[in-house]
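First up is the structure itself, then whatever we jot down about it.
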Amino acid sequence: MHKTNKRFWRCFDELPDLIQELARKNFDLLKIDSTHPSLHFKKVGNFWSARIGLNYRALAVKDGEDYIWVWIGTHDEYEQILKREG
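Oh and the sequence shown: position 40 is 480 in my numbering, straight run, nothing missing.
Given below as structure tokens:
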């Protein structure tokens, strides 16, 4: 199951409207088919990552069988987070 936390929604609210719409569509697709090639859903370090268009990503942590989506933002910010988390 896919869930979100408050931090995710704070990040989401700061995104441009078109990216918010694309994120909603991609999360709907993720719930149906997490292997869909457009999502690039994969494990990256301690996170799970999903693509939101070319320039945005979302990050989740796995909790048992659940994925808790904790962040969404630009690809540049994504790269910085991954570097920090090492």
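Even glycine gets a Cβ: it sits at the ideal position worked out from N, Cα and C.
Own chain partners of residue i with C-beta closer than 8 Å, once the 5 adjacent residues on each side are dropped
i           : result
residue 443 : 506, 507, 508 and 509
residue 455 : 463, 496, 512 and 513
residue 445 : 508, 509 and 510
residue 472 : none
Own chain, CB closer than 7 Å to residue i, minus 5 neighbours either side, in chain order
i           : result
residue 500 : 487, 488, 507, 508, 509 and 510
residue 479 : 466, 469, 470, 490 and 491
residue 502 : 488
For residue i: DSSP bridge partner residues
i           : result
residue 484 : 487
residue 499 : 489 and 511
Close-in-space but distant-in-sequence residues of the same chain around residue i (CB under 6 Å, 5 per side omitted)
i           : result
residue 481 : 474 and 490
residue 452 : 512
Cα-Cα separation between residue i and residue j, rounded to whole angstroms
i           : j           : result
residue 525 : residue 476 : 27 Å
residue 450 : residue 460 : 12 Å
residue 521 : residue 448 : 14 Å
Cβ of residue i within 8 Å of any chain B Cβ
i           : result
residue 525 : Among the chains of the structure shown, chain B does not appear; only one protein chain is present.
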